[in-house]
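Undergrad: In order, the protein sequence lines correspond to chains C and D. Residue 24 in the numbering used here sits at position 24 of the first sequence; the count goes up by one each step and never skips. Residue 296 in the numbering used here sits at position 77 of the second sequence; the count goes up by one each step and never skips. For glycine and all other residues, C-beta sits at the position ideal for the given N, C-alpha and C. If you scroll down you'll find the structure; I have some questions about it.
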Amino acid sequence: MEQKRTNRAKLFSPRYLVYDFVKATASLPGLIWMRPRWIYETEAAKKRIRGGALLIANHYGFFDPVYLMFAVWYRRHHFICGQEFFESKFRWLFKQFLCIPVDRKNFNFGSLREITDELKSGSLVSIFPEGHIHDDGGNLGAFKSGPVLIALQGKVPIVPVYVRPKAHFWNRVTFVIGEPIDLVKRYGKRPPMSEIDAIAEELHRKEEALKQIAYQKRR
Amino acid sequence: MSRTEIIGKLKEILLAADDRNRDKVLACTEDSRLVADLGFSSVSMLYMVIAIEEEMDIRFENVGASDFETLGDVVNYIEAKLK
Numbered sequence: 001m002e003q004k005r006t007n008r009a010k011l012f013s014p015r016y017l018v019y020d021f022v023k024a025t026a027s028l029p030g031l032i033w034m035r036p037r038w039i040y041e042t043e044a045a046k047k048r049i050r051g052g053a054l055l056i057a058n059h060y061g062f063f064d065p066v067y068l069m070f071a072v073w074y075r076r077h078h079f080i081c082g083q084e085f086f087e088s089k090f091r092w093l094f095k096q097f098l099c100i101p102v103d104r105k106n107f108n109f110g111s112l113r114e115i116t117d118e119l120k121s122g123s124l125v126s127i128f129p130e131g132h133i134h135d136d137g138g139n140l141g142a143f144k145s146g147p148v149l150i151a152l153q154g155k156v157p158i159v160p161v162y163v164r165p166k167a168h169f170w171n172r173v174t175f176v177i178g179e180p181i182d183l184v185k186r187y188g189k190r191p192p193m194s195e196i197d198a199i200a201e202e203l204h205r206k207e208e209a210l211k212q213i214a215y216q217k218r219r
Numbered sequence: 220m221s222r223t224e225i226i227g228k229l230k231e232i233l234l235a236a237d238d239r240n241r242d243k244v245l246a247c248t249e250d251s252r253l254v255a256d257l258g259f260s261s262v263s264m265l266y267m268v269i270a271i272e273e274e275m276d277i278r279f280e281n282v283g284a285s286d287f288e289t290l291g292d293v294v295n296y297i298e299a300k301l302k
C-alpha cells in the first residue's frame, strides 16, 4: 500500500515537469528519426525494470543519453554527468533533466551519497562506465570500477544496455537490453577491491557480448 | 579513539579492502601518500571512505578524493569527526 503511494507521488512531482514535457513532445519526432529496434538478450531481460537500478551503456556520442531515454522509455533516467556541465549556462537544463553532477578531477564523497540515495529511493540512474565519449571505431573503452561500487552501495541491480547508433540516416538505432545483474546477491555487500575490478571487467565482456548481438542482427 | 588506534583500524580496513598490496599497507605510516605510495585509485579511495563510514559511524562531508594526500590527512579528518 505504501509502495503505491510513493509511485503516485513520483508520477506527479513538479520536479519532473520539464523532463516529462520534453519527453512527451520529443517522443514522436525521435521515434520517426531513430526508428528504434529493441533486442533482448534473454527472456528475463524483457521484463520491465522496476525500482532502483543502475543502467550502464556504451558511450559513443553526445546523443547517447537521448538514445538511452528511448531504450528504456518507460522510466525517468537520472544521468551522471561531469561537474563542468553544471558550471555552464545550461546548468538549469541539466538539473531539469535530472542529471547528477560529479567532479571527475576531485570526486566529492557527497556525490556518491546523492547517487546512492536516488537508487535507494527507487530511481533509475544511468551511467557510462567508459567515463567519457569513446569514439574508437565502435570499440569499447575500458570500464571504470566506480559503477560497480555505486550499484553495490545502492544495493540495486545493474542493467547493461548496448546502443548501436545510426551509421547512415536510413539506418535504424538498435538497443540491446541485457539481463539485470544483481551484484549484492552474487558477490555480497562489500567484496574486496580485486573482485570489484574483476566485476568491472566482467561487465565489459557482457557489453561486448551485447554489441555482438547488435551487429549480428540485420537493421 | 587515539591516533594510533585510528591508524590500526585504517590498516584493518585497507587490508580487508585490498590484499594485493598487503606489504605496503602493513608498512605504511601517517606520511604514506595514498596514491603514490599505496597505489590508491579514485575508486579505492571511495571504497575506503565507504568502509570507514560504516565501521566508524562517521560521515565524510564536503570533501573530495584529492583532499586527502597522505594517510595522516585521513587520520586528521577522522579524529576531528570523532571529537
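#1: Mind listing, in chain order, the continuous beta strand (DSSP E) runs of no fewer than 3 residues lying wholly within the segment 173 to 200 of chain C?
#2: Check whether the Cβ of G131 (chain C) lies closer than 7 Å to any Cβ atom in chain D.
#3: Closest to R164 (chain C) by C-alpha separation, out of C:D182, C:S121, C:P65 and C:I80, would be which residue?
#4: How many Å lie between A9 (chain C) and H77 (chain C) at the Cα?
#5: Could you give the distance in angstroms between the alpha-carbon of M220 (chain D) and the alpha-carbon of F109 (chain C)?
#6: Quick one: what does DSSP say S126 (chain C) is sitting in, helix, strand or coil?
#7: Alpha carbon to alpha carbon, how far is R172 (chain C) from E272 (chain D)? Give it in angstroms, no decimals.
#8: Tell me, please, which residues DSSP counts as bridged to D136 (chain C).
#9: From Y266 (chain D) to L183 (chain C), what does the alpha carbon distance come to, in whole angstroms?
#10: Chain C beta carbons: is any one of them nearer than 7 Å to that of V262 (chain D)?
#11: Quick one: using the 10 Å Cβ neighbour count with 16 as the cut-off for buried, is T174 (chain C) buried or exposed?
#12: Roughly how far, in whole angstroms, is the beta-carbon of A236 (chain D) from the beta-carbon of S260 (chain D), given that I think they are within contact range, below 8 Å?
#13: Under 8 Å: do the segment 176 to 194 of chain C and the segment 35 to 51 of chain C share three or more Cβ pairs, one atom per stretch?
#14: For H77 (chain C), list the residues DSSP reports as bridge partners.
#15: Can you tell me the Cα-Cα spacing of P192 (chain C) and R278 (chain D), whole angstroms?
#16: Beta strand (DSSP E) containing I225 (chain D): first to last residue?
#17: Taking the C-alpha atoms as reference points, what is the distance between R113 (chain C) and P160 (chain C)?
#18: Who are the near neighbours of F85 (chain C) in its chain, counting only those whose CB is closer than 6 Å to its CB and skipping five residues on each side?
#19: For the segment 143 to 162 of chain C against the segment 202 to 215 of chain C, do three or more pairs of beta-carbon atoms, one drawn from each stretch, fall closer than 8 Å, so that the two count as touching?
#20: First and last residue of the beta strand (DSSP E) that includes L55 (chain C)?
#21: Could you give the first and the last residue of the continuous beta strand (DSSP E) run that contains W38 (chain C)?
#22: Could you check the C-alpha separation between T116 (chain C) and E207 (chain C) for me, to the nearest Å?
#23: Using C-beta distances below 6 Å, list every residue in its chain close to F143 (chain C), excluding the 5 sequence neighbours before and after it, in chain order.
#24: Answer with yes or no whether the minimum CB distance from V218 (chain D) to chain C is below 7 Å.
#25: Apart from the five residues on each side of it in sequence, which residues of its chain come closer than 6 Å, Cβ to Cβ, to K155 (chain C)?
#26: My understanding is that L54 (chain C) touches I127 (chain C), with C-beta atoms under 8 Å, so please give their C-beta distance in whole angstroms.
#27: Give a yes or no on whether the minimum CB-CB distance between D237 (chain D) and chain C is below 7 Å.
#28: Taking F70 (chain C) as the reference, which of C:V22, C:R15, C:F12 and C:P36 has the closest Cα?
#29: Would you call the CB atoms of L124 (chain C) and R75 (chain C) closer than 7 Å?
#30: Taking the beta carbon of F90 (chain C) as the centre, do at least 16 other beta carbons fall within 10 Å, making it buried, or is it exposed?
#31: Given this structure, state the Cα-to-Cα distance separating K4 (chain C) from G51 (chain C), to the nearest angstrom.
#32: Output needed in chain order: residues of the segment 274 to 290 of chain D with a Cβ under 9 Å from some Cβ in chain C.
TA: Taking the coordinates as given:
#1: If only uninterrupted beta strand (DSSP E) runs of at least 3 residues are considered, those enclosed by the segment 173 to 200 of chain C are 174 to 177.
#2: Not closer than 7 Å to any Cβ of chain D, the Cβ of G131 (chain C) fails to qualify, so no.
#3: Measuring from the Cα of R164 (chain C), the nearest candidate turns out to be C:P65.
#4: Unreliable placement is indicated for A9 (chain C), whose pLDDT of 43 sits below 50; no coordinate value is reported for it.
#5: Those two C-alpha atoms are separated by around 23 Å.
#6: Residue state, collapsed to three classes: strand.
#7: In this structure, the CA atom of E272 (chain D) is about 47 Å from the CA atom of R172 (chain C).
#8: For D136 (chain C), which the question treats as bridged, DSSP gives the partners C:N139.
#9: Those two C-alpha atoms are separated by around 16 Å.
#10: With 7 Å as the cut-off, V262 (chain D) counts as an interface residue toward chain C.
#11: Per the 10 Å Cβ criterion, buried.
#12: About 12 Å; that fails the 8 Å criterion.
#13: Yes, the segment 176 to 194 of chain C touches the segment 35 to 51 of chain C.
#14: Looking at the DSSP assignment, H77 (chain C) forms a beta bridge with C:L124.
#15: Roughly 21 Å between the two C-alpha positions.
#16: Per DSSP, I225 (chain D) belongs to no beta strand (DSSP E); it is in the alpha helix (DSSP H), R222 to A236.
#17: In a straight line, the C-alpha of R113 (chain C) is about 22 Å away from that of P160 (chain C).
#18: Cβ within range, chain order: F94.
#19: At 8 Å Cβ cutoff, the stretches touch.
#20: Element bounds for L55 (chain C): A53 to A57.
#21: Membership of W38 (chain C) in the beta strand (DSSP E) is indicated by the continuous run R37 to Y40.
#22: CA-to-CA, the gap between T116 (chain C) and E207 (chain C) works out to about 23 Å.
#23: Answer for F143 (chain C): P129, A200, L203 and H204, listed in chain order.
#24: Residue 218 (chain D) falls outside the range modelled here, since chain D spans only 220 to 302, and no answer is possible.
#25: Around K155 (chain C): V184.
#26: Yes, L54 (chain C) and I127 (chain C) are in contact; Cβ-Cβ is about 6 Å, under 8 Å.
#27: For D237 (chain D), the answer is yes, since a Cβ of chain C falls inside 7 Å of its Cβ.
#28: Answer by Cα proximity: C:P36.
#29: Cβ distance < 7 Å, so L124 (chain C) and R75 (chain C) count as in contact.
#30: Per the 10 Å Cβ criterion, exposed.
#31: A caution first: K4 (chain C) carries a pLDDT of 43, below 50, which makes its placement in the model unreliable, though a value can still be read off. Taken atom to atom, the span from the alpha-carbon of K4 (chain C) to that of G51 (chain C) is near 12 Å.
#32: Within the segment 274 to 290 of chain D, the residues whose Cβ lies closer than 9 Å to some Cβ of chain C are R278, F279, E280, N281, V282, G283, A284, S285 and D286, listed in chain order.
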